[in-house]
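Numbering (my numbering), first residue to last: 6 to 128.
By construction, the Cβ of each residue, glycine as well, lies at the ideal position given by its N, Cα and C atoms.
Everything numeric in this text was worked out from a predicted model, so none of it was measured.
Notes for the one structure printed next.
Structure (structure tokens):
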């Protein structure tokens, strides 16, 4: 049976592992694409080369489907800066990526759009 004297921490005490321990002492991620609303996805077929932390394994599970950086931070219960450092490490290891949106040069031309519209109207 536990009493209040047996409990040496509670939810208000905060995390038992300091954030700098999770990030290896780093406070800033390398230059990258990890903005608040950036979408991150695991690189298909990628396998970790070394041992990953619990947080990194959780990130890899979350990124099996595209997910935003803010969602990852919320799910892990970690500050955004800490998550950015972890994502930067995973990106450097080739495990996650931020898919690029299409450039304007790749956008369909007016002719292609008109042909599509004509095809739909023909149905």
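Nonlocal neighbours in the same chain, by C-beta distance under 7 Å from residue i, ignoring five residues either side
i	result
residue 47	65, 68, 69, 100 and 101
residue 80	67
residue 51	99 and 100
residue 157	In this structure the chain extends from 6 to 128, so residue 157 is not present and cannot be described.
6 Å CB neighbourhood of residue i in its chain, flanking five on each side removed
i	result
residue 62	none
Supposed close pair residue i, residue j - CB separation, criterion 8 Å
i	j	result
residue 103	residue 77	About 12 Å; that fails the 8 Å criterion.
Beta carbon of residue i nearer than 9 Å to that of residue j
i	j	result
residue 75	residue 83	no
residue 73	residue 41	yes
residue 113	residue 121	yes
residue 91	residue 56	no
Simplified DSSP assignment, three categories, for residue i
i	result
residue 102	strand
residue 74	helix
residue 48	coil
residue 93	helix
residue 79	helix
residue 57	coil
residue 40	coil
Below-9 Å beta-carbon distance, residue i vs any chain B residue
i	result
residue 39	Any reference to chain B falls outside this structure, which holds one protein chain only.
Nearest residue (CA-CA) to residue i, options the options
i	options	result
residue 43	54, 53 and 71	71
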